[in-house]
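Numbering (UniProt numbering), first residue to last: 1 to 154.
What follows is the structure, given as structure tokens:
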């Protein structure tokens, strides 16, 4: 919620413990599903902005739920696939080119069913409009004593 308020993207500190990974994976799925439900034609970038999640986490969530199709589009010189997806992939010289485009595929009914099931549990929800937060600002430090620090033997 703070990342969205600051208009930044965030991610948990890694490495995650096993329990931390399970917790965040559940949160990421819920956040991405809510974004897809709100805008079925959204892009990876718009999911990041809507959820406050970093691209790596959005990509992981979509791939984990088998909702991301990647492919090579010869008509696209640059491609739409973010660099985060390709950062660990290298195409062997004798194989076809790496994918450069993507499509988010999902069943809207399955998304809504998952959200209904989650909402039926009546988890506590935080109202973002009630968040009162001011960023921490540091003042420039001034020297209290202009004398250099004296060491033994000086």
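Backbone N, C-alpha and C fix where the C-beta goes; we use that ideal spot for every residue, glycine too.
A quick note: this is a predicted structure, and the numbers were derived from the prediction, not measured.
- Ranking 118, 67, 124 and 2 by CA distance to the CA of residue 40 puts 67 first.
- The beta-bridge partner set that DSSP reports for residue 10 consists of 53.
- Taking the CA atoms as reference points, residue 23 sits about 20 Å from residue 50.
- Following the DSSP letters along the chain, one finds residue 70 inside the beta strand (DSSP E) bounded by residues 68-71.
- If you look at residue 102, you'll find it in the beta strand (DSSP E) that goes 101-104.
- Rounded to the nearest whole angstrom, the CA to CA distance from residue 47 to residue 30 is 12 Å.
- Boundaries of the alpha helix (DSSP H) harbouring residue 108: 108-120, taken from the DSSP string.
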